[in-house]
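What follows is a single structure, written as structure tokens, with notes after it.
Protein chains: 2
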Amino acid sequence: MAEKCAINPTREEDYAEWYQQVIKAADMAENSPVRGCMVIKPWGWAIWEFIRDQLDSRIKATGHQNAYFPLFVPLSFLQKEASHVEGFAKECAVVTHVRLEVKDKKLVPAAELEEPLVIRPTSEAVIGEAFSRWISSWRDLPLLINQWANVVRWEMRPRIFIRTSEFLWQEGHTAHATEEEAWKEAKLMLEEYRKLTEEMLAIPVILGSKSPGERFPGAVDTMTFECMTQDRKAIQCGTSHYLGQNFAKAFSIRFNTPQGGTEYAYTTSWGVTTRLIGAMIMAHSDDNGLCLPPKVAPYHVVIIPVLTKEERREEVLAAARKLEKALQQEVFDGKPVRVHVDDKEGRAGEKNWAWIKKGVPIRIEIGAREVDASTCVASLRDSLEKTVIPLGGIASKTPSLLADLQERMFQKALQFRNQHIHTDITTFEQMKAFFTPECEEKPEIHGGFVRAKWCGDTATEDLLKELKVTIRCLPFDQSGTEGKCVITGRPATLDAIFAKSY
Amino acid sequence: MAEKCAINPTREEDYAEWYQQVIKAADMAENSPVRGCMVIKPWGWAIWEFIRDQLDSRIKATGHQNAYFPLFVPLSFLQKEASHVEGFAKECAVVTHVRLEVKDKKLVPAAELEEPLVIRPTSEAVIGEAFSRWISSWRDLPLLINQWANVVRWEMRPRIFIRTSEFLWQEGHTAHATEEEAWKEAKLMLEEYRKLTEEMLAIPVILGSKSPGERFPGAVDTMTFECMTQDRKAIQCGTSHYLGQNFAKAFSIRFNTPQGGTEYAYTTSWGVTTRLIGAMIMAHSDDNGLCLPPKVAPYHVVIIPVLTKEERREEVLAAARKLEKALQQEVFDGKPVRVHVDDKEGRAGEKNWAWIKKGVPIRIEIGAREVDASTCVASLRDSLEKTVIPLGGIASKTPSLLADLQERMFQKALQFRNQHIHTDITTFEQMKAFFTPECEEKPEIHGGFVRAKWCGDTATEDLLKELKVTIRCLPFDQSGTEGKCVITGRPATLDAIFAKSY
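And the structure:
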């Protein structure tokens, strides 16, 4: 059935191009002619709004307050934390002029700034400066702030949603009186991210700490949650950093203790971005396009009236409207079911495929035949199988159909990921064979995550670069067993996840 | 009662400084060391969230969809509409480099871009380019898009919320098949803005069209809604532009008509910004600080337990918690009453003043005496008078207290504004006398709006510059009568509003 493959190429044929085509077919977003930037179109934006609102609730429920800080970072601020500026220098967009003038009939920058301004790649510097003014006593702590903002990190190889020069995110920034509290905060927010990603986006993730080579510039520890794509690579879905006193010292964030002394605060920062949408696409979509976990679907149900017989048009439309109303009375995920009647002109078959490509969880067709029989034809996004269901029963069944689909998507992704975590690779030779292109003809073993021992020597991370592999994380569920480092063969107790990544 | 004047200076003493101090005392926002930019602190941000969410609902309810477009505008895009680029050239922040390097131990911009990028001062150019690709047939119209974003217009004289180099806003951009539809759209959104501003922020506004000298660069018509501050100046609260085919021609936004021809679309754009918060502060606040219209108050009610007697502490706190629960059961403006118990350490008197300065509509004190008498002491933000009320009755009374306060604030601002619209000024000499500094010693007549006849000659707008006065708008409620132009004495039928402005 040729029609059953709406995306060209398929995942098998060309995964990277398949990804672009899924986004295009769903009309979610597009690459902008503005280099490295994307336009997020209404279908993509609606998904981001669900993610944003859900995460925003979690951030507020855990005691944080939103605020907003400037887009610009003066160079002098950025320079205060040495490894921080070093980490971001290569991708900073710099504003040098604040006026345009016509010169020789050409529009050129004028009014050069004395101190150039960097567009925030992240806001530790600007917020650190503010915190140093806001905090003076232990009574001011903890200070728990979040902002929703755009940031810019100049990309040479952009990939829509996954890696764009401008992206949207939230960044939490907190300051605490003790090391213990700051650690607890960083871990708490990682756990909130896990819940968001697993429960809402149906993407299973592995939690762990980054190796030193992958740490956020200036952090003591970077914790991450990583998911697996269908081409068995890793995506870093987001990070939560324990910054120790590094930024407090750089920005002079100090507080008077109850005992009358002065101490530097302990800070954290944590963020997730529009990349989550890319991870969701890569985790769930198939060769027919986007598959949306019901909790982030702009429409849970699309009703397609089949209007082939003009004389029965009004009757069919009335039945569709009646079903729409019945569905709106039902509740899924704490809110009314989101339903849309697609009564635009056009053939039902074409509309069906359009909504499949947009990832809508449930499609329902109603035509004159169905009206006569008091039935409808329902189809779920994952199986695409059509089932005839009595009209009277479909609405009340919908919440459980959606909940089951949400759970099924998670379980499917979990099973896929677990199948592709390899624990039987113990030497660098085996790892090389596993990850190098020669093996690409054996897709059953190529790719995936390798879970193996690592000695912790940061110099070994360079060896991985040849394989285009990185340590994704040192997972929190360490086995504690002793073994040999998969790179050096030296005694090692750390468990690490190795993978190619986006 | 010296304590009754919490803001120093008062409005009379120094209005501009009073404004800064109100913001500082409420802990709403601060000037950032990043030139011309502000930090919006949690109390200010919460107010912005209410405005944003309310307006977002209105935008969606009128059929628009949100999307997101790049922060950067290539110079070549900006240049396509000549008057547009001319209008914004003087305030454009320009990115010229995308990397930082260390040179002679100094961090300097590197990797110069071939084509500089402007940070969006507004997005007609970027969105116009996208629309030209998205629209091909009359079936694609109307296209109704909105985005929430930050924009940058470099300011030489920033004033927090009112005029900052970076500000936040929404910008709607729509394309239509006919002139009539586009006009209808631009007017519809102006009306939504009016409702938002009058009903939510309790600020009365005057609707009208801008004179040619004040028009948005590239627009055919700019419609505005203007409010009056307590120093009797005007604030342009927002604008809605009918752009005709100007941008469609510049960006080639064309569509095939049902008749088989090709036509340029008619476009609109409309926006409101964080400036609305500044307008709200200027319209309502008093010499004791911020006064929040209940509909945008982060807390409607703050309960202050008076804990002077340690032995009755638990009892008083329990009564406060019980009242909190009772209040949360009540509904105002369609949502549960927002209530906060301030049980932090500190004197009740100090807390009271802190919440007055933050503009909370209702404060309720409960101490041991009140517990004994089953009463509480309630105080409204406008009168500050304390009233003893039976504890059992206060919760159910709260929604109407809030609704009354909301209405009272609107009526007070309306009365003030109407008192200061002068219709008896008919010559330029009189206008000069009214607006020039010599008159500042007669505050009863100085300042305010002048509603007078205008001949429509754009050259006359330059004469107003000497007086630091502008035509705020040609109000929609034109009288149609004939008279003499207040500037030139020539015959004139247009009614215009003249004022100094922020």
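Protein chains in written order, with our numbering: chain A, 5 to 506; chain B, 5 to 506. Glycine included, C-beta positions come from ideal geometry on N, C-alpha and C.
From the beta-carbon of H101(A), the residues of chain B found nearer than 7 angstroms are V98 and T100.
Secondary structure at Q434(B): helix, using DSSP grouped into helix, strand and coil.
The C-beta distance from V209(B) to N250(B) rounds to 27 angstroms, too long to fall under 8 angstroms, and the pair is not in contact. Taking the Cα of H424(B) as reference, the smallest distance to any Cα among L172(B), P479(B), A238(B) and G40(B) is reached at A238(B). At a Cβ-Cβ threshold of 8 angstroms, H88(A) and I131(A) do not count as neighbours. For the stretch 137-155 of chain A, the set of residues with a beta-carbon nearer than 7 angstroms to any beta-carbon of chain B comprises N154, in chain order. Under the Cβ criterion of 8 angstroms, I123(B) is counted among the residues facing chain A. For Q174(A), the pairing in a beta bridge is given by DSSP as W152(A) and V276(A).
Using a CB distance cut-off of 8 angstroms, W158(A) counts as an interface residue toward chain B. Y19(A) carries a helical assignment under DSSP once its states are collapsed to helix, strand and coil. In this structure, the alpha-carbon of G452(B) lies about 35 angstroms from that of A97(B).
Cβ atoms of I475(B) and S215(B) come within 8 angstroms of each other, at about 4 angstroms. At a cut-off of 8 angstroms, the C-beta of W274(A) has no neighbouring C-beta in chain B.
Pairing G350(A) with G67(B), the inter-Cα distance amounts to about 21 angstroms. If you draw a straight line from the Cα of V364(A) to the Cα of A352(A), it comes to about 15 angstroms.
The stretch 91-109 of chain B makes contact with the stretch 100-117 of chain A, as at least three CB pairs between them are under 8 angstroms. A Cβ-Cβ contact shorter than 8 angstroms links R316(A) with A372(A). It is roughly 43 angstroms from the alpha-carbon of R167(B) to the alpha-carbon of V392(B). Annotation for P120(B): L79, V98, V99 and T100 place their beta carbon closer than 7 angstroms to its own, counting only its chain and skipping 5 residues before and after. Within chain A, no C-beta atom comes nearer than 9 angstroms to that of F165(B); the closest sits roughly 12 angstroms away.
For F414(A), the CB contacts under 6 angstroms within the same chain, skipping 5 residues up- and downstream, are A206 in chain order.
With respect to D291(A), R56(A) sits apart: the two C-beta atoms are not nearer than 8 angstroms.
Around the Cβ of M32(B), a 10 Å sphere holds 16 or more other Cβ atoms; the residue is buried. In this structure, the straight-line span from the alpha carbon of K472(B) to that of F502(B) is close to 10 angstroms. If you keep only unbroken alpha helix (DSSP H) runs of at least 4 residues inside the stretch 341-370 of chain B, you get 352-361. P495(A) counts as exposed, since fewer than 16 other C-beta atoms from the protein chains shown sit within 10 angstroms of its C-beta. Excluding sequence positions up to five before and after Q25(A), its CB lies within less than 6 angstroms of the CB of I11, all in the same chain and listed in chain order. Residue contact with chain B for W357(A): absent (no Cβ-Cβ distance below 8 angstroms to any residue of chain B).
S289(A) is the residue among C489(A), S127(A), G222(A) and S289(A) whose C-alpha sits nearest the C-alpha of K416(A). W52(A) places its beta carbon less than 8 angstroms from that of I44(A). Per DSSP, the continuous alpha helix (DSSP H) segment holding Q410(B) begins and ends at L395 to Q423. Counting only the Cα atoms, R455(A) lies some 12 angstroms from G212(A). If you keep only unbroken beta strand (DSSP E) runs of at least 3 residues inside the stretch 172-223 of chain A, you get 210-213. Taking the Cα positions, R124(A) is about 13 angstroms away from N154(B). Secondary structure in the stretch 100-125 of chain B: the beta strand (DSSP E) runs of 3 residues or longer, each lying completely within the stretch, are 110-123 in chain order. If you compare the alpha carbons of V335(B), L192(B) and M286(B) with that of D18(B), the shortest gap goes to M286(B).
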